[in-house]
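Under the working numbering, the sequence shown has 47 at position 41, and the numbering climbs by one with no breaks.
Even for Gly, the Cβ is constructed at its ideal location relative to N, Cα and C.
Note sheet for the following structure.
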Amino acid sequence: MHPGLQRVLFHERDIAARLDEMAAEITEFYQKKPLTVLAILNGSLVFAADLLRRIPLPLRFESLAVASYQGTESSGIVSFRQSNLPAVSGRHVLLLDDILDTGCTLNAVRQRILAEAAPLSIRAAVLLQKKKPRAETLVADYAGFEIEDEFVVGYGLDFDGHYRNLPVVGVLNTSSLGLR
Ligand code: XMP
């Protein structure tokens with residue numbers, strides 16, 4: 007196991023099997039709808055690349071770079087790293103994010119889209135969803151796996167910019183942080 011991980015939660019084969027199921031559900035829902043998939047970067051990069059290739063629909067792909075985490079804690083403030091939103095008026099928008107934790111990020115992106123554009127709908131798909139209480143409005147329409155409230159890395163998720171390239175998702179080994 008990678009020294010940065012305390013334990014592996016999902017291996018590549020687990021993720022691939024779950025993405026097949028999520029993609030099938032998404033493909034069925036968006037038949038004959040003008041779809042824009044909007045990936046929230048950087049965390050959803052790997053998830054988006056793998057999920058997109060399983061959705062055989064005509065679609066547009068866009069991305070939006072945001073940040074809210076400092077170390078292993080959400081700052082609660084979502085900063086947009088680009089000033090312009092992709093053009094999504096008149097389209098169904100599917101937001102992709104790596105993980106739903108506090109829900110601040112998805113909520114901020116949704117609110118900004120609704121304030122600046124007129125999409126036909128907005129849904130959200132996340133690979134991981136932490137089991138923790140959050141407002142009813144802060145939910146994902148598609149969630150790959152439910153996890154405990156632990157800090158996870160790999161498969162696009164980082165700690166301080168590291169570990170995004172691990173092919174698995176695992177719990178961060180905080181005692182190995184000097185090894186990065
Ligand atoms: P919120 O709290 O806004 O979190 O729902 C969403 C964003 O915060 C990052 N995040 C994590 N990143 N391990 C990570 O590597 C985690 O356990 C974790 N929890 C939240 C992530 O970028 C996500 O988009």
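The alpha helix (DSSP H) spanning residue i covers which residue range?
i	result
Q117	C110 to E122
A146	Per DSSP, A146 belongs to no alpha helix (DSSP H) and is neither H nor E.
I21	E18 to F35
D56	L51 to L58
Which stretch, first to last residue, makes up the beta strand (DSSP E) that contains residue i?
i	result
A131	S127 to K136
D3	The question about residue 3 has no answer here: the residues shown for the chain are numbered 7 through 186.
I46	L41 to L47
V177	V175 to L178
Which residue's Cα is closest to the Cα of residue i: the options?
i	options	result
I128	G150, D166, R140 and V115	V115
N179	G167, R170, L172 and V159	V159
N90	A123, A30 and P139	A123
H98	I119, E152, L15 and E142	I119
R140	F157, A73 and T108	T108
L144	A23, L100, T33 and N113	N113
A121	T111, H8 and S95	S95
V14	S182, V174 and I61	V174
V52	S74, L63, L134 and E154	L134
L126	A55, K39 and A73	K39
R19	D56, E142, L63 and Q88	D56
R87	S80, A73 and F16	A73
I21	T111, G150 and L101	G150
F271	A54, L63, F16 and L47	In the structure displayed, the chain extends from 7 to 186; residue 271 sits before or after that span and is not available.
L101	S181, S182 and A54	A54
S80	L47, T111 and L58	T111
Taking Cβ to Cβ, would you say residue i is nearer than 7 Å to residue j?
i	j	result
L106	A146	yes
G82	L163	no
Q37	V177	no
L41	L65	yes
Y169	G10	yes
K137	E152	yes
R148	M28	According to the sequence displayed, residue 148 carries Tyr and not Arg. Yes, they are a contact pair.
V84	D103	no
T33	I61	yes
S69	A45	yes
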